[in-house]
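Numbering of the sequence shown is given in my numbering, commencing with residue -11 and proceeding in unit increments.
Every residue gets a Cβ at the ideal spot worked out from N, C-alpha and C, and that includes glycine.
Fair warning: this is a prediction, and the values are worked out from it, not measured in the lab.
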Amino acid sequence: MDLEERVAELERRMAALESGDRPAPPAVTDADFWALEGLKDQLVRTDAESGGVLFTGAVRLPTRERYEWQVGALTEELLEDDWSGLADAFAALGNPVRLRLLREIVGGRRTAAGLAELEGLGTTGQIYHHLRQLTAAGWLHTAGRGRYEVPGVRVVPLLVALAAARP
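Structural data, given as structure tokens:
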């Protein structure tokens, strides 16, 4: 999309916002929140007054691998934890090159040589530096002979983190 098209689209959106001409949001039903309703039932049964969070997923990657994962945590426990121990895991995701490497690896490009062929990732040494950072933070593990994989227990959490970071 060129600059003129982008400006025209922005002007169209601004006019719609200023005129109050917004589409009605879709109706929300209890069926839309089946996981939330199940979590709330579980919290009532366990007498967890502070509440909790639940993340779950059933994923099939482009490589045909399948992962099912669920984790829940009580709010009280999360708020009492020392969050500083999580900084490295978040920091590893805070780099565009590392995110691209993860996307490529999840998509099936798993060898260092294959990753080095991609444009815009830097030198081979820089790529290995990023791969080491992701491995040290637990987002990757080596599968031998220059092959990297996202550990099965980290596939859905990675996708959850990406979904949570979306605007």
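Counterpart residues of residue i in DSSP-defined beta bridges
i: residue 135; result: 99
i: residue 61; result: 41
i: residue 46; result: 56
DSSP three-state assignment for residue i, whether helix, strand or coil
i: residue 56; result: strand
i: residue 112; result: helix
i: residue 130; result: strand
Residue burial classification, residue i (beta-carbon count within 10 angstroms, cutoff 16)
i: residue 121; result: buried
i: residue 127; result: buried
i: residue 86; result: buried
i: residue 90; result: buried
i: residue 138; result: buried
Residue of the options minimising C-alpha distance to residue i
i: residue 22; options: 131, 42, 135, 89; result: 42
i: residue 159; options: 74, 80, 54; result: The structure shown does not extend to residue 159, since the chain is modelled only from -11 through 155, so no value can be given for it.
i: residue 58; options: 96, 47, 88; result: 47
i: residue 119; options: 81, 151, 140; result: 81
i: residue 50; options: 95, 30, 33; result: 95
i: residue 34; options: 60, 20, -8; result: 60
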